[in-house]
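Peer 1: So the sequence shown is numbered by the numbering used here: it starts at 4 and just counts up by one.
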Amino acid sequence: MYRNVVGLIECGVPFAEQARLMKEVGWEGAFFCWDENSDNAAIAGCIKDAGLFLQSVHAPFGKMDRIWEAEEEGFAEQENLIGTVRGAAALGAGLVVMHAVIGMERVAPAVQERERALVRFGRIFDAAEEAGVVVAVENTEGEGYLDAVLAEYGHRKNVKFCIDTGHEMCYNRSRDMIGRYKDNLYCTHLNDNLGMSGDKITWTDDLHLLPFDGVADWAGIARRLKNAHYRGDFTYELNLFSKPGRHENDAYRAMPFKDYISLAYARARKFRGLFDETNG
Numbered sequence: 004m005y006r007n008v009v010g011l012i013e014c015g016v017p018f019a020e021q022a023r024l025m026k027e028v029g030w031e032g033a034f035f036c037w038d039e040n041s042d043n044a045a046i047a048g049c050i051k052d053a054g055l056f057l058q059s060v061h062a063p064f065g066k067m068d069r070i071w072e073a074e075e076e077g078f079a080e081q082e083n084l085i086g087t088v089r090g091a092a093a094l095g096a097g098l099v100v101m102h103a104v105i106g107m108e109r110v111a112p113a114v115q116e117r118e119r120a121l122v123r124f125g126r127i128f129d130a131a132e133e134a135g136v137v138v139a140v141e142n143t144e145g146e147g148y149l150d151a152v153l154a155e156y157g158h159r160k161n162v163k164f165c166i167d168t169g170h171e172m173c174y175n176r177s178r179d180m181i182g183r184y185k186d187n188l189y190c191t192h193l194n195d196n197l198g199m200s201g202d203k204i205t206w207t208d209d210l211h212l213l214p215f216d217g218v219a220d221w222a223g224i225a226r227r228l229k230n231a232h233y234r235g236d237f238t239y240e241l242n243l244f245s246k247p248g249r250h251e252n253d254a255y256r257a258m259p260f261k262d263y264i265s266l267a268y269a270r271a272r273k274f275r276g277l278f279d280e281t282n283g
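1) Please identify the residue among F274, E72, M25 and D38 whose C-alpha is closest to the C-alpha of C49.
2) Quick one: Cα of R109 to Cα of D216, how far?
3) Taking 8 Å as the cut-off, decide whether the C-beta atoms of K229 and T281 are in contact.
4) Contact check, T87 vs A62 under 8 Å by CB: the rounded distance?
5) CB-CB under 6 Å to F35, same chain, minus the five flanking residues each way: which ones, in chain order?
6) Around the Cβ of M4, are there at least 16 other Cβ atoms within 10 angstroms (buried) or fewer (exposed)?
7) List, from N- to C-terminal side, the alpha helix (DSSP H) runs of 4 residues or more that fit wholly inside the segment 152 to 201.
8) Using C-beta distances below 6 Å, list every residue in its chain close to V152, excluding the 5 sequence neighbours before and after it, in chain order.
9) Among F128, Q81, D195 and M67, whose alpha-carbon lies nearest the alpha-carbon of G145?
10) Which same chain residues, not among the five before or five after F18, have their C-beta less than 6 Å away from its C-beta?
11) Return the Cβ separation of V138 and V162 in integer angstroms, given the expectation that the two are a contact with Cβ distance under 8 Å.
12) Smallest Cα separation from R6: which of K261, L188, L57 and E75?
13) Which one of A120, L149 and G32 has the shortest CA to CA distance from E82?
14) What does the alpha-carbon distance come out to for the pair S290 and R234?
15) Give the secondary structure of F274 by DSSP, where H, G and I count as helix, E and B as strand, and everything else as coil.
16) Hey, would you say V9 sits closer than 8 Å to L212, going by beta carbons?
17) Tell me the rounded alpha-carbon separation between A111 and A254.
18) Mind checking who G10 pairs with in its DSSP beta bridge?
19) Under three-state DSSP, which class holds F56?
20) Which one of G201, D262, L197 and Y239 has the shortest CA to CA distance from H2?
21) Considering only residues of the same chain and omitting the five flanking positions on each side of F128, which have a CB-CB separation below 7 Å?
22) Kindly indicate which three-state DSSP category T207 falls into: helix, strand or coil?
23) Look at the Cβ atom of A231, then the Cβ atom of L277, and state whether they are nearer than 8 Å.
24) Taking the beta carbon of M172 as the centre, do at least 16 other beta carbons fall within 10 Å, making it buried, or is it exposed?
25) For M180, I'd like the list of residues in its chain whose CB is within less than 7 Å of its CB, leaving aside the five on either flank, ordered along the chain.
26) Does A93 pass the burial test, meaning 16 or more other C-beta atoms within 10 Å, or should it be called exposed?
27) Taking its Cβ as the centre, do 16 or more other Cβ atoms sit within 10 Å of T168, making it buried, or is it exposed?
28) Buried or exposed: where does T238 fall if 16 or more other Cβ atoms within 10 Å of its Cβ makes it buried?
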């Protein structure tokens, strides 16, 4: 398909205006982050009213550690995510992107954690299958948790992998996650980064810069996607705001939103050119 997709951003510009400007400068589709305290139907409506297609929904991830831990709270988060996939389906989104865990200190689950959480993930994936939704789990911190989920459920047609190129650089120490999970690769969260600022992974390194504003090897990313026979959309997950103590995104925040989203689209077209020129 190779359509260009970008995420709505919490930045003070109304979603309806964001979507209108995205369509105006050339974007084809959009996604948004699901929030049980927001009017998700209205947000999806903004995307569709602007003439964009709703490519996906990003599931809440701030409590994903609970899936692996406390019984009562873990069950509550399971039900929250089941509600997300069903809600996404009701709005016409056939794809939900999900994290496997949250927590910079996490490496791999203990046996008890694994057994408990995989039952919960199974229930989420069952609900998604019933709703006609694909769930793509993305690379973040805690690669062992992603490994556990895909090892158990990656054979299912509705359980896939989403590559986040920025996360690969700062959370996965620039290891080739595209090649590692190529058999499950289904979608992308494309963004640039500066890699790791120290020996330990930290969320403040997760910058979500525009492509070609960091140190990512975009020709290499294009080649790796080609080698994995990627056929999905090019979806960009970007951030206008700098992390605490950082200033890399400040210039974006200073720009009028139309100028920013137009520049982002120009970078997307540049990457598409690289991809088209690459021999897998």
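All C-beta atoms in this analysis are idealised placements derived from N, C-alpha and C, irrespective of residue type, glycine included. Model, not experiment: these values are computed from the prediction.
Peer 2: Well, looking at it:
1) Here the closest residue by C-alpha is M25.
2) One C-alpha to the other measures close to 29 Å.
3) Yes, the Cβ-Cβ distance between K229 and T281 is below 8 Å.
4) Contact holds; Cβ gap of about 5 Å.
5) L11 and I46
6) exposed
7) 168 to 173 and 180 to 183
8) Here the set comprises A103, F124 and V140.
9) M67
10) L11, I46 and C49
11) 6 Å
12) L57
13) A120
14) Here the chain covers residues 4 to 283 and nothing more, so residue 290 does not appear.
15) Three-state result, F274: helix.
16) no
17) Separation of A111 and A254 (C-alpha to C-alpha, rounded to the nearest whole angstrom) is 37 Å.
18) F34
19) strand
20) Examination of residue 2 is not possible in this model, given that the chain is present from 4 through 283 alone.
21) V138, Y156, R159, N161 and V162
22) helix
23) No, they are not a contact pair.
24) M172 should be labelled buried.
25) Within the same chain, M180 has close Cβ partners N142, I166 and E171.
26) exposed
27) buried
28) buried
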